[in-house]
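Trainee:
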Amino acid sequence: MASPVLQISSASTAASPRTRPTLTGPSRASSTSPTPASPTRGSPPASNRRTSGRTCTTGTEPFGTSPAAPPRGAATRSGRLRPAQVPRQGQLLLRQLRRAGRASRLRPPPRRQPLVDHPATARHQHVQRRGVDRAAGRLLAAKAMITIRTKYAVKKNWMGDPCAPKTYAWDGLNCSYSSSDSAWITALHLSSCGLTGDVDPSFGYLKSLQHLDLSNNSLSGRVPDFLAQMPSLKFLDLSSNKFVGSVPAILLEKHQNGSLVLRTGNNANLCDNGASTCKKSNRTLVIAIVVPIAVATLLFVAAFLIFRIMRKRKDAWMANNSRLHSPRGRANTFQSRQFTYKELKVMTSNFREEIGRGGFGAVFLGYLENGSPVAIKMCSKTSSQGDKEFLAEAQHLTRVHHRNLVSLVGYCKDKKHLALVYEYMEGGSLEGRLRGEASAATPLTWHQRLKIALDSAQGLEYLHKSCQPPLIHRDVKTQNILLSANLKAKIADFGLMKEFSDEFRTHVTTHPAGTLGYLDPEYYNTSQLSEKNDVYSFGVVLLELITGQPPAVPIGDTESIHIAQWMREKLSEGDDIESIADPRMERQYDVNSVWKVSELALQCKEEPSRTRPAMTDVVVGLKECLELEVSRAMSYYSSVASSARNVSVTSVDLHIEAQASDYLRQQAALELEQVGTASATHVGPTTR
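Numbering (the numbering used here) for the sequence shown: 883 to 1570.
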């Protein structure tokens, strides 16, 4: 029997302002007089729409007969029937229909579930996943081959895709091609390819590999376990390599059951036939390693004891022969070392001869075992940094070598005693040659001053450009420019000012390191350290070489003026360069050369510091000035060759002790060639 269905039909509102809803239902086929039927609980509900002017009927006759038409006005505005005009069973049905309508508005529509259980759908998803996995596998295999090529530097035509196109597949590879134009690497032949190191894990990504040949190489380390996890591998050749340890048990098991052909011969330290053999081989290996180490240790201890005994004997001999002298002209070859305080006492004869005193402390003359003289500076331990920093800095400076830097022979860190051992410079300091006792006996010529300036500039250039990290001297002055017996200049006291300055360490926050007269005002005001601070100080040194005056030029009994200001005032008053140059040179110089050095010195003192030249530019300028002076000297000796064969070299000394003018010209020409020809000749001062 069909379930009752509520049918709602709309009537025209024009026919009747209010239409009474009637409830009807189907009649039984076997009887003309239908009997009432109860509504079924599982019958589908109909929507209870609130619409005025509609007539409600049912698709069946649940009550047997059609009810009488209700009186006019019995229907509500919402189209619902009044309960009073509907039989009891009809009221129950209407109530159920209303509840069903409200529930349908609250419940969301049911979702359509995917047909995951359908056989066709599952088969499609499986094929799709398998295609993605195979594509990912091919990509991993290609990346693995690129990694293998890079690590082992395989010298084959391995370019592009390993397997595609088919006619250009990589050498040593066998690829399997399917109907979908996809390729799989099935064999890899790398025999006798010079492979070194361990077996790269990238081999494990070649999932389709069946044949792997790594024989006749220099592969080392242990045989990796991932080779046993390659699902398609059927042949593995590891023979004639340098593998150690034991073959993984899984590989041996596969070899024994016939699923893998394994070759591991000609590997001296590889065990492949049981644990007992491996233990025996490992024991032999341990013995072979431990015995040589023990013997080497014993030999080292014996050598150390012998060295200590010889050192004590040598110290005793040095105590009896503390003053050993050697020829002054002998070349000194030093080797960096660490001295003890006792050794320093022996070298200096208990610190008997003091040859100077500076910001670091007293300087004593000493002698090495071979008789080479050294200068030993005893430093006061005032640095805030520890012993490790001192040792690291000293060891670093012992590796700094340049022909224009005083060599640091060694150092001493013995309890509370700190010392630096330098090579001894017999010519003294530049300050002593300009204004000391030595200057009165043999004044420096302009040519000698230019050579000293060029040597010093090249030493600073090396500190700024060639040292890593760059070293900033921070105390460039004539006192720290030392001279050899033949007036070769070298920079001293570089690199340790920040570590051992007695004068400035106590006021490091307010007084930057340096010497008054040479200290850069910009560095003094900002405490920003740079290479241009050394350039400023070197400019003061150049002015001293030109004028012979100290950094503070006295202008009265109690007053003094800075040398740069003194020179500018002289030039502004119209004085000639000859009134500024050191009179002890007796005007034996090239005027253009002196002018050019003066301009270069003033450029080194420019403000701000970024406008100053670098030490490389200063070196180039000094070479040009030296070229001008050498050319003047050559012309001078050519002019006097006919009148006098013996020429005094006290006025213009070219570091030679010859008296023949022809020989002097040859020496000047050789020096001019060493300096190099300048690209442009400076003919005079640009500004005054």
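Where a beta carbon is used, it is the ideal one built from N, C-alpha and C, also for glycine. From a predicted model like this one, the values you see are computed outputs, not experimental measurements.
Determine whether the beta carbon atoms of Thr1429 and Ile1459 lie at a separation below 8 Å.
Mentor: No, Cβ-Cβ distance for Thr1429 and Ile1459 is not below 8 Å.
Trainee: With 16 as the cutoff for other CB atoms within 10 Å, does Gln1330 come out buried or exposed?
Mentor: Gln1330 is buried by the Cβ-count criterion.
Trainee: Tell whether a beta-carbon distance below 8 Å holds between Ile1067 and Cys1057.
Mentor: The answer is yes: Cβ separation under 8 Å.
Trainee: Val1529 to Arg1514, Cα distance in whole Å?
Mentor: With a pLDDT of 45 at Val1529, under the threshold of 50, the modelled position of that residue is not reliable, and no figure is offered here.
Trainee: Taking the alpha carbon of Val1129 as the reference point, which residue from Ala1110, Ser1122 and Phe1117 has its own alpha carbon closest?
Mentor: Among Ala1110, Ser1122 and Phe1117, the Cα nearest to that of Val1129 belongs to Ala1110.
Trainee: Please name the residue, chosen from Lys1048, Pro1351, Ile1437 and Trp1328, that lies closest to Met1467 on a Cα-to-Cα basis.
Mentor: Checking every option, the nearest Cα to that of Met1467 belongs to Trp1328.
Trainee: Taking 8 Å as the threshold (C-beta atoms), are Leu1482 and Leu1332 in contact?
Mentor: Cβ atoms of Leu1332 and Leu1482: not closer than 8 Å.
Trainee: How many Å lie between Phe1182 and Val1288 at the Cα?
Mentor: Between Phe1182 and Val1288, the C-alpha separation is close to 35 Å.
Trainee: If you compare alpha carbons, which of Trp1040, Arg1016 and Leu1120 is closest to Tyr1087?
Mentor: It is Arg1016 whose Cα lies nearest to the Cα of Tyr1087.
Trainee: What is the residue span of the beta strand (DSSP E) that Glu1488 lies within?
Mentor: Looking at the DSSP string, Glu1488 is not in any beta strand (DSSP E), and its letter there is neither H nor E.
Trainee: DSSP state of Met1307, grouped into three classes?
Mentor: Correct three-state label for Met1307: coil.
Trainee: Where do the ends of the alpha helix (DSSP H) carrying Gln1220 lie?
Mentor: Taken as a continuous stretch (DSSP letters only), Gln1220 belongs to no alpha helix (DSSP H), being part of the beta strand (DSSP E) at Arg1219 to Phe1221.
Trainee: Pull the bridge partners of Phe1246 from the DSSP assignment, please.
Mentor: DSSP output for Phe1246 lists Glu1236 and Ile1258 as bridge partner(s).
Trainee: Would you kindly report the start and end of the unbroken alpha helix (DSSP H) that includes Val1036?
Mentor: Segment: none, Val1036 is in no alpha helix (DSSP H) and carries neither H nor E.
Trainee: Within the chosen definition, does the region 1297-1308 reach the region 1217-1226 through at least 3 CB pairs nearer than 8 Å?
Mentor: Verdict: yes, contact present.
Trainee: At 3 residues or longer, and completely inside the region 1048-1073: list those beta strand (DSSP E) runs for me, N to C.
Mentor: Whole beta strand (DSSP E) segments, 3+ residues: 1055-1059 and 1065-1071.
Trainee: If you check the beta carbons only, do Asp1439 and Gly1396 fall under 8 Å apart?
Mentor: No; because the gap between Cβ atoms is not below 8 Å, this pair is not in contact.
Trainee: From the DSSP output, in three-state form, read off Leu1580 for me.
Mentor: Outside the displayed span of the chain (883 to 1570) sits residue 1580, for which this structure offers no information.
Trainee: What does Val1435 pair with, by DSSP beta-bridge criteria?
Mentor: Per DSSP, Ile1443.
Trainee: If you draw a straight line from the C-alpha of Gly1310 to the C-alpha of Pro1174, how long is it?
Mentor: Taking the straight line from one Cα to the other gives about 54 Å.
Trainee: If you follow the beta strand (DSSP E) that Arg1494 is part of, which residue opens it and which one closes it?
Mentor: Here Arg1494 belongs to no beta strand (DSSP E), and DSSP marks it neither H nor E.
Trainee: CB-CB under 7 Å to Leu848, same chain, minus the five flanking residues each way: which ones, in chain order?
Mentor: Residue 848 is absent from the structure shown; the chain starts at 883 and stops at 1570.
Trainee: With a cut-off of 8 Å, does the C-beta of Gly1341 fall near any C-beta of chain B?
Mentor: The structure shown contains no chain B, having only a single protein chain.
Trainee: Per DSSP, Lys1372 is paired with what?
Mentor: For Lys1372, which the question treats as bridged, DSSP gives the partners Leu1364.
Trainee: How many Å lie between Tyr1400 and Lys1359 at the Cα?
Mentor: Tyr1400 and Lys1359: Cα-Cα distance of roughly 7 Å.
Trainee: Report the option in Val1081, Arg1219 and Leu1342 whose CA atom is closest to the CA atom of Ser1419.
Mentor: It is Leu1342 whose Cα lies nearest to the Cα of Ser1419.
Trainee: Do you know how far the Cα of Thr1032 is from the Cα of Gly1095?
Mentor: Residue identity differs from the one stated: residue 1095 is Asp in this sequence, not Gly. For Asp1095 and Thr1032, the distance between alpha carbons rounds to 18 Å.
Trainee: Using DSSP with H/G/I as helix, E/B as strand and the rest coil, what is Leu1336?
Mentor: Residue state, collapsed to three classes: helix.
Trainee: Looking at C-alpha atoms only, which residue of Leu1115, His1284, Leu1118 and Phe1189 is the closest neighbour of Lys1372?
Mentor: Of Leu1115, His1284, Leu1118 and Phe1189, the residue nearest in Cα terms is His1284.
Trainee: Alpha carbon to alpha carbon, how far is Val1172 from Phe1117? Give it in angstroms, no decimals.
Mentor: One C-alpha to the other measures close to 38 Å.
Trainee: Going by alpha carbons, who is nearest to Gly1243 out of Lys1259, Glu1506 and Ser1114?
Mentor: Cα-wise, what sits closest to Gly1243 is Lys1259.
Trainee: Helix, strand or coil: how does DSSP classify Arg1331 here?
Mentor: DSSP places Arg1331 in helix when its eight states are reduced to three.
Trainee: Return the residue from the list Glu1235, Lys1194 and Pro1113 that minimises the CA-CA distance to Thr1222.
Mentor: Minimum Cα distance to Thr1222 is reached at Lys1194.
Trainee: Take every Cβ of the region 1489-1508, pair it with every Cβ of the region 1399-1417, and state whether three or more of those distances are shorter than 8 Å.
Mentor: Yes, the region 1489-1508 is in contact with the region 1399-1417.
Trainee: Mind reading off the beta-carbon distance from Phe1085 to Ala1026? Whole number of angstroms is fine, and I expect it under 8 Å.
Mentor: That pair is a contact at about 7 Å.
Trainee: Measuring straight from C-alpha to C-alpha, what distance separates Glu840 and Tyr1249?
Mentor: Because the chain in this structure spans residues 883 to 1570, residue 840 falls outside the shown range and cannot be described.
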